[in-house]
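Inspection log for the structure reproduced underneath, given as structure tokens.
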Amino acid sequence: MLMGERLRMTGYKSNPTVADATAFPAAGAFAASQVVTGVNGTPDTISVRYEGNGSVQDCLGNLVGAGVLTTISFSVNTGNNDFRCSNDNGVTWQPYVSDVTDMQILYGIDTDASRTANKYIPANNVTVAEWLNVTSARITLVLNNNNYNQSYLTTIVFRNRAL
């Protein structure tokens, strides 16, 4: 799925020797070194950052140049039940899947420097320091139309933040 592919890129740096604070400077809702953030709601929203390498794409299919920092966001438009993506901090959104009525996200926090999540909590409970230690997201999408009402749960590990 598009979302899983893009979320696994979270924290990717084209030059791994560059410090996180340099590759991912403070901007908008992100602190320096922070590569994921979220907003609780009905539905939740998740935003992630990564650098391109010339062959990596953003969520709209645009190639991201080598060393170019990109931010993408995923949410659900409850007005028309579309799962959607933005590559410009939520100014414009591209719908991807219809009949999605909700998205709820728990963030996996590494509490012991093992690079593995030890707890999962919603965005409103993640502290400023914990955002720097998010290694995964547990995402539930709710799909609903006249023929079905189904929830899908997946855990996506941010490959550049976990083992």
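The sequence shown maps to residues 1 to 163 in this note's numbering.
Glycine included, each C-beta is placed from N, C-alpha and C at the ideal position.
For residue i, the three-state DSSP class (helix, strand or coil)
i: GLN150; result: strand
i: LEU163; result: Residue placement at LEU163 is flagged as unreliable, the pLDDT there being 47, under the threshold of 50; the coordinate-derived value follows with that caveat. Correct three-state label for LEU163: coil.
i: ASP20; result: helix
i: GLY54; result: coil
i: ARG6; result: helix
i: ALA66; result: strand
i: ASN125; result: helix
i: THR155; result: strand
For residue i, the nearest candidate out of the options (CA to CA)
i: TYR107; options: GLU130, TYR96 and ASN146; result: GLU130
i: PHE83; options: SER114, ASN89 and THR45; result: THR45
i: VAL76; options: SER47, VAL68, ASN62 and GLY52; result: SER47
i: GLY67; options: SER73, VAL56 and ASN146; result: VAL56
i: ASN125; options: GLY11, LEU2, GLY41 and GLU5; result: GLY41
i: ASN62; options: ASP99, THR37 and GLN94; result: GLN94
i: ASP164; options: ASN81, SER98 and LEU60; result: This structure does not reach residue 164, given that the chain is present from 1 up to 163, and the question cannot be answered.
Contacting residues, own chain, Cβ-Cβ under 6 Å from residue i (five flanking each side not counted)
i: THR111; result: ASN118
Check whether residue i and residue j have beta carbons under 8 Å apart
i: TYR50; j: THR70; result: yes
i: ALA137; j: ILE156; result: yes
i: GLU141; j: MET103; result: A small fix is needed here, since residue 141 is Leu in this sequence, not Glu. Yes.
For residue j and residue i, believed in contact at Cβ under 8 Å, the rounded distance
i: SER86; j: THR92; result: 6 Å
i: PHE158; j: ARG6; result: That belief does not hold up - the Cβ atoms of PHE158 and ARG6 are roughly 11 Å apart, past 8 Å.
i: SER33; j: LEU132; result: 6 Å
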